[in-house]
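Residue numbers (the working numbering), protein chains in the order written: chain H, 1191 to 1405; chain A, 1191 to 1405. Heads up, the beta-carbon is just placed ideally off N, CA and C, and yes, glycines get one too. Computed from a prediction, not measured in an experiment: that's the story for all the values here.
There are 2 protein chains.
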Amino acid sequence: MATNRQRKTRADGERTRRAILHEAVRLATLDGLEGLSIGNLADALGMSKSGLYAHFGSKEELQLAVIDEAGGIFRAEVIDPAIAAPPGLGQLVAVCDAFFDHLKRRTLPGGCFFAGAILEMGTRPGRVRERVSAFQADFLRLLRSFAAAALDREELPADEDPELLAFELNGIILAANARFVLSDGADGLGVARTATRRRLGLASDARAAATWDSV
Amino acid sequence: MATNRQRKTRADGERTRRAILHEAVRLATLDGLEGLSIGNLADALGMSKSGLYAHFGSKEELQLAVIDEAGGIFRAEVIDPAIAAPPGLGQLVAVCDAFFDHLKRRTLPGGCFFAGAILEMGTRPGRVRERVSAFQADFLRLLRSFAAAALDREELPADEDPELLAFELNGIILAANARFVLSDGADGLGVARTATRRRLGLASDARAAATWDSV
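Written as structure tokens, this is what we have:
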């Protein structure tokens, strides 16, 4: 049986590991997953390299742990609020709005971790690429399931295609992220919110709804 | 007056410089603009580092020259075919289709140079970021001008907003690029072509038009 002291040490170790990973996700949105080295991370955290090696045996292990941590942040900030919204059309609006809020909140300084990781790692075969790719596939599957629910509830036109809709909403999300990164967040995300609503048939007059930079 | 020999030497120098830059653009779509070093490029080309330094005095000068070369490729493969198309709606379809052809042709192994460069350099203030940002701003301005022409020609609904439309088409382009990079090009770009036509009111039944992966 573990003593109180052993349990406390394990809990401290887990807290330290999570703090390291959170900083690593932040750094990865600025320098990329390949730009992330145990040396750079040790500098950013004021820790020794050997201390970091005790947590992550290799650069690949660090990258995989960073992807999982980034996935946890994305789930908490984007997916969970959407799942809590009214099924169907409500969840489609909520998942996009939660993504725009995730950008606006600046949880990560370089915008969406996964948008960058897809382009950086997509052409590098290996476990890191597979982990990133699986996360993106799960996200697109979630968008399609929300769209299918909206169709079942007759909240979308009967000839709507869940795969096409998921593809286009993902595009609005990627365009919002690119705009956010280039504008250093100064630009409003209102155009992205307007585009989302127009695509979902929730704004009949796009021009009237486009009070963009106030959002 | 330059002798024939001097003119020939200058022409050879220019050809060498362009060959170097074309390889550098290709490498940058795999390793990023920051991953591009005079050392790596010398290895890829089988040239000496000192030979490359004679062409580009610093990493920043190399990066700026690479962005200009990538801009030339993008203009030749995406913008010029669009400008040659019938004004208005014809140009909007043509610019998106030319982009999908640019991916499919695999001119660059890592997909769209600018999609990657925006996310990589967007948070790094400096001349490289400004050059990338200016190119993206020009491209969005071109999309808006095509949309405005289509509105003038009454090819789009009167309440259409050129800025919103440009934002959404850019999103379809970015989603197509992400899909292309992750699927290693195996996946068809048909969903992107269908999304473009649906957005422009050219396909009334999205499902019927979605013969995606045959395209």
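Notebook entry, point to check: What is the C-beta distance between VAL1322 (chain H) and ILE1308 (chain H), in whole angstroms, given that I count them as a contact (C-beta under 8 Å)?
Noted result: Counting from one through the first sequence, the residue named residue 1322 (chain H) turns up at place 132. Counting from one through the first sequence, the residue named residue 1308 (chain H) turns up at place 118. That belief holds up - the Cβ atoms of VAL1322 (chain H) and ILE1308 (chain H) are roughly 6 Å apart, short of 8 Å.
Margin query: I'd like to know whether the C-beta of ILE1362 (chain H) is nearer than 8 Å to at least one C-beta of chain C.
Written below: The chain inventory of the structure shown lacks chain C, comprising the protein chains H and A.
Next item on the list: Mark GLN1196 (chain A) as exposed unless 16 or more other C-beta atoms lie within 10 angstroms of its C-beta, in which case mark it buried.
Entry: Taking the first residue of the second sequence as 1, we reach residue 1196 (chain A) at position 6. Exposed is the call here.
Check: Quick one, which residues of the stretch 1262-1278 of chain A are near chain H if we go by CB-CB under 8 Å, in chain order?
Finding: none
Next item on the list: Give the residues of chain A in contact with GLU1250 (chain H), contact being defined as C-beta atoms less than 8 Å apart.
Entry: Indexing the first sequence from 1 puts residue 1250 (chain H) at position 60. Ordered by position in chain A, no residue passes the 8 Å Cβ test against GLU1250 (chain H), which lies about 17 Å from the chain.
Next item on the list: Taking ALA1385 (chain A) as the query, report the chain H residues whose CB atoms sit under 8 Å from its CB, ordered along the chain.
Entry: To locate residue 1385 (chain A), count along the second sequence from 1; it is residue 195. The answer, in chain order, is LEU1354, PHE1357, GLU1358, GLY1361.
Checklist line | For LEU1359 (chain A), the nearest candidate out of A:ASP1342, A:PHE1303, A:ARG1369, A:ALA1337 (CA to CA) | finding: By 1-based counting over the second sequence, the position of residue 1359 (chain A) is 169. Comparing Cα positions, the closest option is A:ALA1337.
Next item on the list: Taking only beta-carbon positions, decide if THR1297 (chain H) is within less than 8 Å of chain A.
Entry: Mapped onto the first sequence, residue 1297 (chain H) falls at position 107. So no, THR1297 (chain H) is outside the interface.
Check: When Cβ atoms are compared, which residues of the stretch 1220-1252 of chain A fall closer than 9 Å to chain H?
Finding: Per Cβ criterion, the list reads LEU1220, ASP1221, GLY1222, GLU1224, GLY1225.
Next item on the list: Could you round the C-beta distance between LEU1223 (chain A) and GLU1310 (chain A) to whole angstroms and report it? I think they count as a contact, below 8 Å.
Entry: Here residue 1223 (chain A) refers to the residue found at position 33 when the second sequence is read from its first residue. Here residue 1310 (chain A) refers to the residue found at position 120 when the second sequence is read from its first residue. Separation of the CB atoms of LEU1223 (chain A) and GLU1310 (chain A) is rounded to 6 Å, and the pair is thereby assigned contact status at 8 Å.
Notebook entry, point to check: Count the other CB atoms within 10 Å of the CB of GLY1391 (chain H); is the residue buried (16 or more) or exposed (fewer)?
Noted result: To locate residue 1391 (chain H), count along the first sequence from 1; it is residue 201. Per the 10 Å Cβ criterion, exposed.
Check: Given GLY1301 (chain H), which residues of its chain have a CB within under 7 Å of its CB, disregarding the five upstream and five downstream residues?
Finding: On the first sequence, position 111 is the one that residue 1301 (chain H) refers to. The residues are THR1219, LEU1293, ASN1367, PHE1370, VAL1371.
Notebook entry, point to check: Should ASP1395 (chain A) be flagged as near chain H, meaning a C-beta pair shorter than 8 Å?
Noted result: Start at 1 with the first residue of the second sequence, and residue 1395 (chain A) comes out as number 205. Confidence at ASP1395 (chain A) is low in this model, with a pLDDT of 45, below 50, so its placement is unreliable and the value that follows should be read with caution. Closer than 8 Å: yes.
Notebook entry, point to check: In chain A, which residues lie with their C-beta within 8 Å of the C-beta of VAL1381 (chain H)?
Noted result: In the first sequence, the residue the question calls residue 1381 (chain H) occupies position 191. Residues of chain A passing the Cβ test: GLU1353, LEU1354, PHE1357.
Check: Which residue's Cα is closest to the Cα of GLU1350 (chain A): H:ILE1269, H:PRO1347, H:ARG1389, H:LEU1235?
Finding: Taking the second sequence and counting its residues from 1, the one referred to as residue 1350 (chain A) is at position 160. Of H:ILE1269, H:PRO1347, H:ARG1389, H:LEU1235, the residue nearest in Cα terms is H:ARG1389.
Check: For the stretch 1339-1353 of chain A against the stretch 1272-1284 of chain A, are there 3 or more C-beta pairs whose distance is under 8 Å?
Finding: yes
Next item on the list: Measure the C-alpha to C-alpha separation of VAL1256 (chain H) and SER1238 (chain H) and round it to an integer number of angstroms.
Entry: As a first step, residue 1256 (chain H) is located in the first sequence; it is residue number 66 there, counting from the start. As a first step, residue 1238 (chain H) is located in the first sequence; it is residue number 48 there, counting from the start. Distance between the alpha carbons of VAL1256 (chain H) and SER1238 (chain H): 19 Å.
Next item on the list: Go ahead and pull the three-state DSSP assignment for GLY1229 (chain H).
Entry: Taking the first residue of the first sequence as position 1, residue 1229 (chain H) is located at position 39. The three-state reading of DSSP puts GLY1229 (chain H) in helix, counting H, G and I together.
Next item on the list: List the residues of chain A that VAL1371 (chain H) touches, going by C-beta distances under 7 Å, in chain order.
Entry: Locating residue 1371 (chain H) in the first sequence gives position 181, counting from the first residue. Correct list: ILE1308, LEU1309, GLY1312, THR1313.
Margin query: On the CB-based measure, 16 or more other CB atoms within 10 Å of its CB, does PRO1347 (chain A) come out buried or exposed?
Written below: Residue mapping note: residue 1347 (chain A) aligns to position 157 of the second sequence, counting from 1. Label assigned to PRO1347 (chain A): exposed.
Checklist line | Whole-angstrom distance between LEU1355 (chain A) and ALA1365 (chain H), CA atom to CA atom | finding: Residue mapping note: residue 1365 (chain H) aligns to position 175 of the first sequence, counting from 1. Residue mapping note: residue 1355 (chain A) aligns to position 165 of the second sequence, counting from 1. Between ALA1365 (chain H) and LEU1355 (chain A), the C-alpha separation is close to 12 Å.
Check: Going by Cα to Cα distance, which pick from H:GLY1306, H:LEU1332, H:ASP1291 is closest to ALA1353 (chain H)?
Finding: In the first sequence, counting from the first residue as 1, residue 1353 (chain H) sits at position 163. The residue you asked about is not Ala; residue 1353 (chain H) is Glu in the sequence shown. The residue with the shortest Cα to Cα distance from GLU1353 (chain H) is H:LEU1332.
Check: Where does ASP1403 (chain H) sit, in a helix, a strand or coil, going by DSSP?
Finding: For the purposes of this step, residue 1403 (chain H) is taken as residue 213 along the first sequence, with counting starting at 1. Only weak support is given to the placement of ASP1403 (chain H): the predicted model assigns it a pLDDT of 46, under 50, and the value that follows is read from those uncertain coordinates. Of the three classes helix, strand and coil, the one that applies to ASP1403 (chain H) here is helix, per DSSP.
Next item on the list: Just list the alpha helix (DSSP H) runs in the stretch 1303-1374 of chain A, keeping only unbroken ones of 4 residues or longer that don't cross its boundaries, in chain order.
Entry: At a cut-off of 4 residues, the continuous stretches assigned as alpha helix (DSSP H) that sit fully inside the stretch 1303-1374 of chain A are 1303-1311, 1317-1342, 1352-1373.
Check: With a CB to CB cut of under 7 Å and the five nearest residues on each side skipped, what residues in its chain are close to ARG1334 (chain H)?
Finding: The residue labelled residue 1334 (chain H) in the question sits at position 144 within the first sequence. Taken in chain order, the residues that qualify are PRO1352, GLU1353, ALA1356.
Check: Nearest to SER1248 (chain H) by CA position, among H:ALA1260, H:ASP1258, H:ASP1233, H:LEU1226, is which residue?
Finding: Looking up residue 1248 (chain H) in the first sequence gives position 58. Per the Cα distances, H:LEU1226.
Notebook entry, point to check: SER1335 (chain H) touches chain A at which residues, Cβ-Cβ below 7 Å?
Noted result: Here residue 1335 (chain H) refers to the residue found at position 145 when the first sequence is read from its first residue. Ordered by position in chain A, no residue passes the 7 Å Cβ test against SER1335 (chain H), which lies about 17 Å from the chain.
Check: Rounded C-beta distance between LEU1211 (chain A) and GLU1251 (chain A)? I'm assuming under 8 Å.
Finding: To locate residue 1211 (chain A), count along the second sequence from 1; it is residue 21. To locate residue 1251 (chain A), count along the second sequence from 1; it is residue 61. Actually they do not touch by this definition, with Cβ atoms about 11 Å apart.
Notebook entry, point to check: What does a CB cutoff of less than 7 Å around LEU1330 (chain A) pick up in its chain, not counting 5 residues either side in sequence?
Noted result: Walking along the second sequence from the start, residue 1330 (chain A) turns up at place 140. Only ALA1356, ASN1360 meet the Cβ criterion.
Notebook entry, point to check: Are the C-beta of GLY1280 (chain A) and some C-beta of chain H separated by less than 8 Å?
Noted result: Position 90 of the second sequence holds residue 1280 (chain A). So no, GLY1280 (chain A) is outside the interface.
Check: Got a sec, what are the start and stop residues for the alpha helix (DSSP H) LEU1379 (chain H) sits in?
Finding: On the first sequence, position 189 is the one that residue 1379 (chain H) refers to. Note, LEU1379 (chain H): premise wrong, no alpha helix (DSSP H); not H, not E.
Notebook entry, point to check: How close, in whole Å, do the beta carbons of LEU1217 (chain H) and LEU1231 (chain H) come, if the pair is a contact with beta carbons under 8 Å?
Noted result: Within the first sequence, numbered from 1, the residue matching residue 1217 (chain H) stands at position 27. Within the first sequence, numbered from 1, the residue matching residue 1231 (chain H) stands at position 41. Going by Cβ atoms, the distance from LEU1217 (chain H) to LEU1231 (chain H) rounds to 7 Å, so yes, they are a contact pair.
Margin query: What does the alpha-carbon distance come out to for the pair THR1206 (chain H) and ASN1194 (chain H)?
Written below: In the first sequence, residue 1206 (chain H) corresponds to position 16, counting from 1. In the first sequence, residue 1194 (chain H) corresponds to position 4, counting from 1. Roughly 18 Å between the two C-alpha positions.
Item checked: Close beta carbons around ALA1266 (chain A), own chain, < 6 Å, minus the five adjacent residues each side -> Translated into the one-based positions of the second sequence, residue 1266 (chain A) becomes position 76. Excluding positions up to five away in sequence, the list is empty.
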